[in-house]
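In what follows, a structure is listed as structure tokens, so that the remarks can point back to it.
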Amino acid sequence: MPKLASLLFLAQPVFLALPVFPALPVYAGSTPSTITLTSSKNPSNFGQSVTLTAVVTPPAATGVVTFYSGTTVLESEPLAEGKAALKSILLPLGTQAIKAYYRGDSTYAASTSAVLTQTVEMVPENGFGPAKLYNAGEHPRQVVPGDFNGDGKADLALADNNSTSSTVSILLGNGDGTFQAPLSFPTGSSTVSIAVGDFNGDGIPDVAAANNESHNVSVLLGNGDGTFRPAVNYGVGSAPSSIAVADFNGDGNPDLAVTDGGDNTLSILLGNGDGTFKAALNSSLGELRLMAVTVGDFNGDGLADLAISNGSENSVCVLLGNGDGTFQAPVVYDTGATTQAMVAADFNGDGYADLAAANADGESVSVLLGNGDGTFRPAATYQVGQDPYALVVLDINGDGKADLAATISYGVLAVLLGNGDGTFQPASNWGGVTGSNPYSLAVADFNGDGLADAAVTDNNANGAFVELGLPSGQSVTTVASSMNPSTYGQSVTLTGTVYPPKATGMVSFYSNFAGLGKVEMKGGRATITLSTLPGGTESLTAIYDGDANDAPSTSPPLTQTVARASTFTGLTSSPDPSNIGQSVTFTASVSSTTATGTVTFYHGSTALGAGTVSDGIATLTVSNLSVGMHSITATYSGDGNYEGSTSPVRVQTVVAVAATTTTLVSSPNPSNLNQTVTLSATVSPATATGTVTFYHGTTSMGTATLSNGVATLAVSTLSAGQHSLTASYGGDANDAPSTSPAIIQTVN
2 MPKLASLLFL
12 AQPVFLALPV
22 FPALPVYAGS
32 TPSTITLTSS
42 KNPSNFGQSV
52 TLTAVVTPPA
62 ATGVVTFYSG
72 TTVLESEPLA
82 EGKAALKSIL
92 LPLGTQAIKA
102 YYRGDSTYAA
112 STSAVLTQTV
122 EMVPENGFGP
132 AKLYNAGEHP
142 RQVVPGDFNG
152 DGKADLALAD
162 NNSTSSTVSI
172 LLGNGDGTFQ
182 APLSFPTGSS
192 TVSIAVGDFN
202 GDGIPDVAAA
212 NNESHNVSVL
222 LGNGDGTFRP
232 AVNYGVGSAP
242 SSIAVADFNG
252 DGNPDLAVTD
262 GGDNTLSILL
272 GNGDGTFKAA
282 LNSSLGELRL
292 MAVTVGDFNG
302 DGLADLAISN
312 GSENSVCVLL
322 GNGDGTFQAP
332 VVYDTGATTQ
342 AMVAADFNGD
352 GYADLAAANA
362 DGESVSVLLG
372 NGDGTFRPAA
382 TYQVGQDPYA
392 LVVLDINGDG
402 KADLAATISY
412 GVLAVLLGNG
422 DGTFQPASNW
432 GGVTGSNPYS
442 LAVADFNGDG
452 LADAAVTDNN
462 ANGAFVELGL
472 PSGQSVTTVA
482 SSMNPSTYGQ
492 SVTLTGTVYP
502 PKATGMVSFY
512 SNFAGLGKVE
522 MKGGRATITL
532 STLPGGTESL
542 TAIYDGDAND
552 APSTSPPLTQ
562 TVARASTFTG
572 LTSSPDPSNI
582 GQSVTFTASV
592 SSTTATGTVT
602 FYHGSTALGA
612 GTVSDGIATL
622 TVSNLSVGMH
632 SITATYSGDG
642 NYEGSTSPVR
652 VQTVVAVAAT
662 TTTLVSSPNP
672 SNLNQTVTLS
682 ATVSPATATG
692 TVTFYHGTTS
702 MGTATLSNGV
712 ATLAVSTLSA
722 GQHSLTASYG
732 GDANDAPSTS
742 PAIIQTVN
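According to the working numbering, the stretch in the sequence shown is residues 2 to 749, in order.
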């Protein structure tokens, strides 16, 4: 038969005083009976399965045995040959007061076992590792662990806060710290709180859900395979806000306590033991705005008492139980700020139950030490950070002293280490969640390693974040990229996160085993910003050096994809237009000066040649272009960091003219002063037409027309001395211009 597996324990670890249990109902049988209770392992380690065995004498006794932890009903089991066993109980940290109650039969009277003090020890751990989100429900408000399919592995139940059609989502655990896809079961509107118990005594966990906007409580009986029967609803106050399970009237059946933040009432629903409940007993608590409810035995009389956080008066109120489902008038204790979650534990080792409350608007946790008579001393306040909505008790460092863990905004899990005398050390960050607004926190062993793991719901995420506990001294490092994929040249910030966040020291970043830099951590994180990651696929890692308390660790590799940067290629030519047979230089300009590779120049689709890129420039010179207009492009091949690109088309014009040469002679040379000198310019080819201009230095001396390739000009005005003379042919439609070399004319 599937077992309850103490989901209540997992959700609310306790370090409580051992109560004196009250007498329970007695059956008609008059023959006395006795019952003894043993544990398969005591002390046990956190997360370890424990079997509780009750033996009733005489062995002929028949009927049912109910197992209790404090005032909480674990479940009921039938007797077989005088024995009843509760198997695979996953107990929380600390000391549990366990007892077994035999209800009797027609022959044998009821009997109660002596209290069994079960101690659950915690393996010291170093905090919590990276969080993984498991999607389930919409904006879940509360998470509670338990074994809903009877496989001995911790599962999770989440309260879905959808305002119109809420559900309870079940995440079945695989036993290795991972969870299966969620199973959802309808409840009411805006389910804000859930509690688990064996409401019909079949040894299978059931769920009760407080529905804020439909003003009722939904009870879902478990089938033992992780599924549940349709919800049965029970009316309570106008806006139920929290729900808890205990035996408030001592009949061996789980009952429900429901607080209401709307009309400030406390509703008690007494269980019938068959999965149904009597109509709610409603009590008005005046102006108190009731929020979270916690069950404990605050005066040591063995009866279930209640502590309720007050959302409007910065206080908690304590209601001592009468043992019949009713409670004494509330006594209010100031906490200094608006309280949310609460837990009960023995923080100073005096055997009395104490209280700790999370103060959302005070950024603190208030601790109220109990006097053992149901009263409490003034609150001591410890700062933890913004919006501590959730609170649990654990012994994270394994020193046997109760510690406190609270979720605060921006994904931080703050831990207050207990000193064992009711005081606590300053808060430090032992883990983090991915969400920004954590709301509920539960602790269990999800992977069977004996370490406390954490499950957190976040109001901005649809599911639960799970963080696995780290063995003492161990660290875990992860690496993340601000942009993946990125583009070459783009700034990318790499973040190395070390768990636990309280670790100190340096983190080194590597890309394909090449060092990128070494950075000191702040708040468990180290960052480095780079724009030099090469194109392609990079394997990024972050390596934590370790410190005196935390061992070194290396992150799993992160595959960073760096896309090649886009480029633009421009194309120019010189000269343009050019003459037939003239050399033309094409210049390709790639948009990045760090680009490497080659540029291929094309005439249409025909390659003219290639040039190597240097400082973003590649050139090619050609002289074989024909007369006409030519479409020229340049294609950059790209490299490891840059994409290739092709230039716009460049139209190169080649004109149909022939090259010419011009030579100049003079006669006579030398000449005398005032003597006529004939200058003769010969243009080749001889078919060239047009005119030739004769120059004395830069001064024109005259122009003559070509005839059969020769033009002449007679001058007699040259002064005595030496004169530099040239002839310049102006060209025609078929022949290019040309200028002769200079000659020296000597005049005596």
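Here a beta-carbon is modelled for each residue, glycine too, at the ideal position from N, C-alpha and C.
Residue environment for residue 244: buried (at least 16 other C-beta atoms within 10 angstroms of its C-beta). DSSP places residue 97 within a strand segment (E or B) once states are collapsed to three. In the three-state scheme derived from DSSP, where H, G and I count as helix and E and B as strand, residue 140 is classed as coil. In the displayed model, residue 145 falls within a strand according to three-state DSSP. Between residue 294 and residue 242, the alpha-carbon positions lie close to 9 Å from each other. The alpha-carbon separation between residue 506 and residue 413 amounts to approximately 19 Å. For the pair residue 601 and residue 740, the Cα-to-Cα distance works out to about 37 Å. With respect to residue 58, residue 36 sits close: the two C-beta atoms are nearer than 9 Å.
DSSP, read as helix, strand or coil, puts residue 187 in strand. Taken through DSSP and simplified to helix, strand or coil, residue 290 comes out as coil. In the DSSP assignment, residue 442 falls within the unbroken beta strand (DSSP E) covering 439–445. Shown here for residue 193: same chain residues with a beta carbon closer than 8 Å to its own, the five before and five after excluded, namely 142, 143, 160, 162, 211, 212, 213, 241, 242 and 243 in chain order. Only residues of its own chain outside the window of five on either side were considered, and among them 581 and 628 have a CB closer than 7 Å to the CB of residue 657, listed in chain order. In the DSSP assignment, residue 156 is bridged to 147. Counting only runs of at least 4 residues, the region 488–516 fully encloses no alpha helix (DSSP H) element at all. Here residue 384 is bridged, per DSSP, to 365.
The alpha-carbon of residue 408 is positioned some 32 Å away from that of residue 225. In this structure, the alpha-carbon of residue 421 lies about 23 Å from that of residue 335. Taking all protein chains shown into account, residue 42 has fewer than 16 neighbouring C-beta atoms within 10 Å of its C-beta and is therefore exposed.
The bridge partners DSSP lists for residue 76 are 68. Contact check for residue 525 against residue 504 passes: the beta carbons are separated by less than 9 Å. When DSSP states are grouped into helix, strand and coil, residue 399 belongs to the coil group. Cβ neighbours of residue 188 within its own chain (closer than 7 Å, five residues either side excluded): 167, 168, 169, 210, 212, 219 and 232. Taking the Cα of residue 316 as reference, the smallest distance to any Cα among 292, 326 and 712 is reached at 292. Remark: three or more beta-carbon pairs, one from each stretch, lie closer than 8 Å, so the region 584–591 and the region 603–618 are flagged as touching.
For residue 745, the number of other beta carbons within 10 angstroms of its own is below 16, and it is reported as exposed. The count of Cβ pairs closer than 8 Å, one atom from the region 136–156 and one from the region 479–495, stays below three, leaving the stretches out of contact.
For residue 147, the closest alpha carbon among the candidates 207, 191 and 47 is that of 207. Taken atom to atom, the span from the alpha-carbon of residue 574 to that of residue 626 is near 13 Å.
For residue 216, no beta strand (DSSP E) run applies, since DSSP gives it neither H nor E. Taking 9 Å as the cut-off, the Cβ atoms of residue 284 and residue 264 do not count as close. Here the alpha carbon of residue 95 sits roughly 8 Å from the alpha carbon of residue 396. Looking from the CA of residue 703, the closest CA among 722, 682 and 690 belongs to 682. Between the region 116–124 and the region 359–372, the count of Cβ pairs shorter than 8 Å is below three; the stretches do not touch. If one requires a minimum length of 4 residues, no alpha helix (DSSP H) run lies completely within the region 317–350. DSSP, reduced to helix, strand and coil, places residue 730 within a strand of the structure shown.
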